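Protein chains: 4
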Amino acid sequence: AEQNGLIHGVSAAELQVLCEKCIEAKVVAYCPYSLFRVGASLLLHTSSTSSSSPPIITGANVENASYPVGTCAERVAMGTAIVSGHKLGSFKAIGVSTDMDDFCSPCGMCRQFLREFLELHVPIFMFNREGKFIVRTMEELLPLSFGPNKLPPREELKKVQEEEKAKIA
Amino acid sequence: AEQNGLIHGVSAAELQVLCEKCIEAKVVAYCPYSLFRVGASLLLHTSSTSSSSPPIITGANVENASYPVGTCAERVAMGTAIVSGHKLGSFKAIGVSTDMDDFCSPCGMCRQFLREFLELHVPIFMFNREGKFIVRTMEELLPLSFGPNKLPPREELKKVQEEEKAKIA
Amino acid sequence: AEQNGLIHGVSAAELQVLCEKCIEAKVVAYCPYSLFRVGASLLLHTSSTSSSSPPIITGANVENASYPVGTCAERVAMGTAIVSGHKLGSFKAIGVSTDMDDFCSPCGMCRQFLREFLELHVPIFMFNREGKFIVRTMEELLPLSFGPNKLPPREELKKVQEEEKAKIA
Amino acid sequence: AEQNGLIHGVSAAELQVLCEKCIEAKVVAYCPYSLFRVGASLLLHTSSTSSSSPPIITGANVENASYPVGTCAERVAMGTAIVSGHKLGSFKAIGVSTDMDDFCSPCGMCRQFLREFLELHVPIFMFNREGKFIVRTMEELLPLSFGPNKLPPREELKKVQEEEKAKIA
Ligand SMILES: [Zn+2]
Ligand SMILES: [Zn+2]
Ligand SMILES: [Zn+2]
Ligand SMILES: [Zn+2]
Numbered sequence: 011a012e013q014n015g016l017i018h019g020v021s022a023a024e025l026q027v028l029c030e031k032c033i034e035a036k037v038v039a040y041c042p043y044s045l046f047r048v049g050a051s052l053l054l055h056t057s058s059t060s061s062s063s064p065p066i067i068t069g070a071n072v073e074n075a076s077y078p079v080g081t082c083a084e085r086v087a088m089g090t091a092i093v094s095g096h097k098l099g100s101f102k103a104i105g106v107s108t109d110m111d112d113f114c115s116p117c118g119m120c121r122q123f124l125r126e127f128l129e130l131h132v133p134i135f136m137f138n139r140e141g142k143f144i145v146r147t148m149e150e151l152l153p154l155s156f157g158p159n160k161l162p163p164r165e166e167l168k169k170v171q172e173e174e175k176a177k178i179a
Numbered sequence: 011a012e013q014n015g016l017i018h019g020v021s022a023a024e025l026q027v028l029c030e031k032c033i034e035a036k037v038v039a040y041c042p043y044s045l046f047r048v049g050a051s052l053l054l055h056t057s058s059t060s061s062s063s064p065p066i067i068t069g070a071n072v073e074n075a076s077y078p079v080g081t082c083a084e085r086v087a088m089g090t091a092i093v094s095g096h097k098l099g100s101f102k103a104i105g106v107s108t109d110m111d112d113f114c115s116p117c118g119m120c121r122q123f124l125r126e127f128l129e130l131h132v133p134i135f136m137f138n139r140e141g142k143f144i145v146r147t148m149e150e151l152l153p154l155s156f157g158p159n160k161l162p163p164r165e166e167l168k169k170v171q172e173e174e175k176a177k178i179a
Numbered sequence: 011a012e013q014n015g016l017i018h019g020v021s022a023a024e025l026q027v028l029c030e031k032c033i034e035a036k037v038v039a040y041c042p043y044s045l046f047r048v049g050a051s052l053l054l055h056t057s058s059t060s061s062s063s064p065p066i067i068t069g070a071n072v073e074n075a076s077y078p079v080g081t082c083a084e085r086v087a088m089g090t091a092i093v094s095g096h097k098l099g100s101f102k103a104i105g106v107s108t109d110m111d112d113f114c115s116p117c118g119m120c121r122q123f124l125r126e127f128l129e130l131h132v133p134i135f136m137f138n139r140e141g142k143f144i145v146r147t148m149e150e151l152l153p154l155s156f157g158p159n160k161l162p163p164r165e166e167l168k169k170v171q172e173e174e175k176a177k178i179a
Numbered sequence: 011a012e013q014n015g016l017i018h019g020v021s022a023a024e025l026q027v028l029c030e031k032c033i034e035a036k037v038v039a040y041c042p043y044s045l046f047r048v049g050a051s052l053l054l055h056t057s058s059t060s061s062s063s064p065p066i067i068t069g070a071n072v073e074n075a076s077y078p079v080g081t082c083a084e085r086v087a088m089g090t091a092i093v094s095g096h097k098l099g100s101f102k103a104i105g106v107s108t109d110m111d112d113f114c115s116p117c118g119m120c121r122q123f124l125r126e127f128l129e130l131h132v133p134i135f136m137f138n139r140e141g142k143f144i145v146r147t148m149e150e151l152l153p154l155s156f157g158p159n160k161l162p163p164r165e166e167l168k169k170v171q172e173e174e175k176a177k178i179a
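Protein chains in written order, with this note's numbering: chain A, 11 to 179; chain B, 11 to 179; chain C, 11 to 179; chain D, 11 to 179.
Here you go:
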């Protein structure tokens, strides 16, 4: 994964910003129920930002009294990014951080949400409380993923189901 | 609801911006599965923004190949807002728009998500394709809501459950 | 709502079972994170069950370490019901119960999930710890709902969006 | 993975039932929006069922007009199982099937939901339309998972956050 001083294509300077920004993002987490603050940062390819806008978009978890209705840091960050005009191909790396000494990974729901917009080789850095990290690619975190190419068009599904009915009748 | 030329406290000029911004937000919707574009706009109280930042935050729906993993325009907008530092008390009005002639309301999940950050009197404007609207307050859209004050502290719940066990034993 | 000794069409005997079953269902709640046990019960129309099967289907909340991934009692019960072959028109009344003295209502996400399978007049009984209740219809809990009839066919949406593009070009 | 004629501990006869039941379950899928029918089956350890009850619990996807509110086959099946009294340790294998010739995996949200109740070695069989399959363990589908042991107690989180505040002050 390390080559020419880059980790999965990310420079030391970029990694530094990715780390700082997702640790910083934890401060705005709204998590009165779990008290588990999570920050996320998305590093954009330079080409996908204008020079004035920052190359990082951040998010934090936003909980709800009805737990299943809340959302995670990674999804808040990615939602903000998509609405800012970014898309599949815009993202160079993802950062996630918590208040733990241990390294925490994105939950399965966030892996699935990210999968729609990340190429399989994009690295996801998991930072602990002190900024140390482990890193895995999108594909490593969600192997055999159910990605956008997996859902067949309605027309095809209709045909399969009609064939099946015909067989039974 | 109308008083002194205001609708639920919102001026004609504010309503105009709320409408334009949520119609504009639809353009960035990522909805290859439903093709149902939704835009959302959040009008902030002037006091909760610095003079330079815009008084409106927007969002659009972001779908996923696994349908339940996607999210709605209203939640994307509110997630962005919370991460920008806004909170309960920051919001003056909400706007939602679709491509329909009919007026579409926020889904129940979004009503619940919004409830955490909106006072019960905050108006939610539902704009149709042409910018005509109907309006309801947070309370009208989610009566008898399960809000943040409804979830009892763990300590209290623990006590109730221990009492119950003692009764059975 | 009360007529001929029935409350929203539900007899005293049926209400008794609805209450008992949703209070009983709380026991199997998996809620190590919130400790907030919720039970749900679905009363079926007699016509939609065979004589041998019970006229009530129950559920309880099932939480997850990633809070947004968990699910509520009402949705577990309704998922079980749909997979058992029931559908729109099968349900006569819904019951929900918690460990509180206060009456707790279904969260907005559950109201939306239920809406797909409940007619607007179906009553939802909210039981407190002791079995006392308040009751509201589906329509009262989710007014102006975004129901199954609201989502337009993809073909129609495609047409609207193409018209719009043509106007801009 | 194959040993003594067993695949991940599952016999040919059990695998046959797992396959048939999850293909059968697709019939009750409620998926008017995607038309993508999914069936799921959960094979229980014999010890965790009484002799009269069936050793398999099934589910199918249940969609909603608001796409994010719907749920997947795997979660419906597991919700039913938990409410039937099963728990971590009760499950021997999981089956998932679709109408495709291709093999489809559970979405990330379902992997996360299942993770709460499956040991890491439990196999998940993905059946195609004709009953052919590929198989992966829970751990293979959700590596480095955010499981129940990962979420620290509120007390610990409170302490970390207070320490941090003290440092800043
Ligand atoms: Zn997550
Ligand atoms: Zn919504
Ligand atoms: Zn709920
Ligand atoms: Zn799923």
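We put the beta carbon where it would ideally sit given N, CA and C, even for glycine. As the structure is a computational prediction, the values presented were derived from the model and not from experiment.
Which same chain residues, not among the five before or five after Arg-121 (chain D), have their C-beta less than 7 Å away from its C-beta? Here the question's residue 121 (chain D) lines up with position 111 in the fourth sequence. If we look at Arg-121 (chain D) and ignore the five residues flanking it on each side, its Cβ neighbours are Leu-151, Leu-152.
When the Cβ atoms of the segment 121 to 135 of chain D are set against those of the segment 76 to 91 of chain D, are three or more pairs found closer than 8 Å? yes
Could you name the residues of chain C that Lys-183 (chain B) contacts, counting a contact when the two beta carbons are closer than 9 Å? Because chain B in this structure spans residues 11 to 179, residue 183 (chain B) falls outside the shown range and cannot be described.
Does chain A have any CB closer than 8 Å to the CB of Tyr-77 (chain C)? In the third sequence, counting from the first residue as 1, residue 77 (chain C) sits at position 67. Output row for Tyr-77 (chain C): interface = yes.
beta-carbon Glu-3 (chain C) near ligand 1 non-hydrogen atom, thresh 7 Å: The first residue shown for chain C is 11 and the last is 179, placing residue 3 (chain C) beyond what the model contains.
Do Lys-102 (chain B) and Thr-192 (chain B) come within 8 Å of each other at the CB atom, strictly closer than that value? Nothing about residue 192 (chain B) can be reported from this structure: the residues present for chain B run from 11 to 179 only.
What in chain D is Cβ-close to Val-38 (chain C), meaning under 9 Å? Counting from one through the third sequence, the residue named residue 38 (chain C) turns up at place 28. What Val-38 (chain C) touches in chain D: Ile-92, Val-93, Ser-94, Gly-95.
Within 8 Å, strictly: CB atoms of Ala-50 (chain A) and Val-132 (chain A): On the first sequence, position 40 is the one that residue 50 (chain A) refers to. On the first sequence, position 122 is the one that residue 132 (chain A) refers to. No, the Cβ-Cβ distance between Ala-50 (chain A) and Val-132 (chain A) is not below 8 Å.
Considering only heavy atoms of ligand 1 and the C-beta of each residue, which residues fall inside 7 Å, strictly closer? A:Cys-82, A:Glu-84, A:Arg-85, A:Pro-116, A:Cys-117, A:Met-119, A:Cys-120, C:Ser-76, C:Pro-78
For the segment 16 to 40 of chain B, list every residue whose C-beta sits within 7 Å of some C-beta in chain D, in sequence order. none
Using a Cβ distance threshold of 8 Å, determine whether the segment 161 to 176 of chain B contacts the segment 138 to 150 of chain B, with at least three qualifying pairs required. no
Bounding residues of the alpha helix (DSSP H) (the contiguous stretch that carries Lys-169 (chain A)): As a first step, residue 169 (chain A) is located in the first sequence; it is residue number 159 there, counting from the start. Run containing Lys-169 (chain A): 164 to 178, per the alpha helix (DSSP H) assignment.
Completely contained alpha helix (DSSP H) runs for the segment 90 to 141 of chain A, where each covers 4 or more residues: 118 to 125
Roughly how many whole angstroms lie between the Cα atoms of Glu-165 (chain A) and Asp-111 (chain D)? Along the first sequence, one-based indexing puts residue 165 (chain A) at 155. Along the fourth sequence, one-based indexing puts residue 111 (chain D) at 101. Spanning the two alpha carbons is a distance of roughly 15 Å.
To the nearest angstrom, how far is it from the Cα of Ser-62 (chain C) to the Cα of Pro-78 (chain D)? Start at 1 with the first residue of the third sequence, and residue 62 (chain C) comes out as number 52. Start at 1 with the first residue of the fourth sequence, and residue 78 (chain D) comes out as number 68. Legend: pLDDT at Ser-62 (chain C) = 47, less than 50; position of this residue unreliable, value from coordinates given subsequently. In a straight line, the C-alpha of Ser-62 (chain C) is about 35 Å away from that of Pro-78 (chain D).
Of all the residues that make up the segment 129 to 147 of chain B, which are near chain D by a beta-carbon distance shorter than 8 Å? none
Go through its chain and collect everything with a Cβ distance to Pro-64 (chain C)'s Cβ below 6 Å, but skip five positions before and after it. Within the third sequence, numbered from 1, the residue matching residue 64 (chain C) stands at position 54. Residue placement at Pro-64 (chain C) is flagged as unreliable, the pLDDT there being 45, under the threshold of 50; a coordinate-derived value is accordingly withheld.
Only counting the same chain, and skipping five residues up and downstream in sequence, which positions put a Cβ closer than 8 Å to that of Arg-146 (chain C)? Translated into positions along the third sequence, residue 146 (chain C) becomes position 136. Around Arg-146 (chain C): Ser-115, Pro-133, Ile-134, Met-136.
Sequence-distant residues of its chain with Cβ nearer than 7 Å to Pro-158 (chain B) (five each side left out): In the second sequence, residue 158 (chain B) corresponds to position 148, counting from 1. Correct list, in chain order: Glu-126.
Quick check on Met-119 (chain B) - is its C-beta less than 8 Å from some C-beta in chain D? To locate residue 119 (chain B), count along the second sequence from 1; it is residue 109. Cβ-Cβ to chain D under 8 Å: yes for Met-119 (chain B).
Chain E within 8 Å of Phe-123 (chain D), Cβ atoms only: In the displayed structure, chain E is absent; the protein chains listed are A, B, C and D.
Using the C-alpha atoms, what's the distance from Met-119 (chain B) back to Ser-155 (chain C)? Taking the first residue of the third sequence as 1, we reach residue 155 (chain C) at position 145. Taking the first residue of the second sequence as 1, we reach residue 119 (chain B) at position 109. Roughly 11 Å separates the two Cα atoms.
Tell me which same chain residues have a C-beta within less than 7 Å of the C-beta of Glu-73 (chain A), skipping the five on either side of it? Within the first sequence, residue 73 (chain A) is the residue found at index 63, counting from 1. Within the same chain, Glu-73 (chain A) has close Cβ partners Tyr-40, Cys-41, Pro-42, Tyr-43, Ser-44, Gly-80.
Neighbouring residues, chain B, relative to Ala-70 (chain A) (Cβ below 7 Å): Reading the first sequence from its first residue, position 60 is the one you call residue 70 (chain A). The answer, in chain order, is Val-93.
Quickly, what does DSSP pair Ala-50 (chain B) with across the bridge? List them, please. Position 40 of the second sequence, counting from 1, holds the residue named residue 50 (chain B). DSSP lists B:Gly-69, B:Val-106 as partners of Ala-50 (chain B).
Would Pro-64 (chain C) count as contacting chain A if we go by Cβ distances under 8 Å? Stepping through the third sequence from its first residue, residue 64 (chain C) is reached at position 54. With a pLDDT of 45 at Pro-64 (chain C), under the threshold of 50, the modelled position of this residue cannot be trusted; read the value that follows with caution. By this cut-off, Pro-64 (chain C) is not an interface position.
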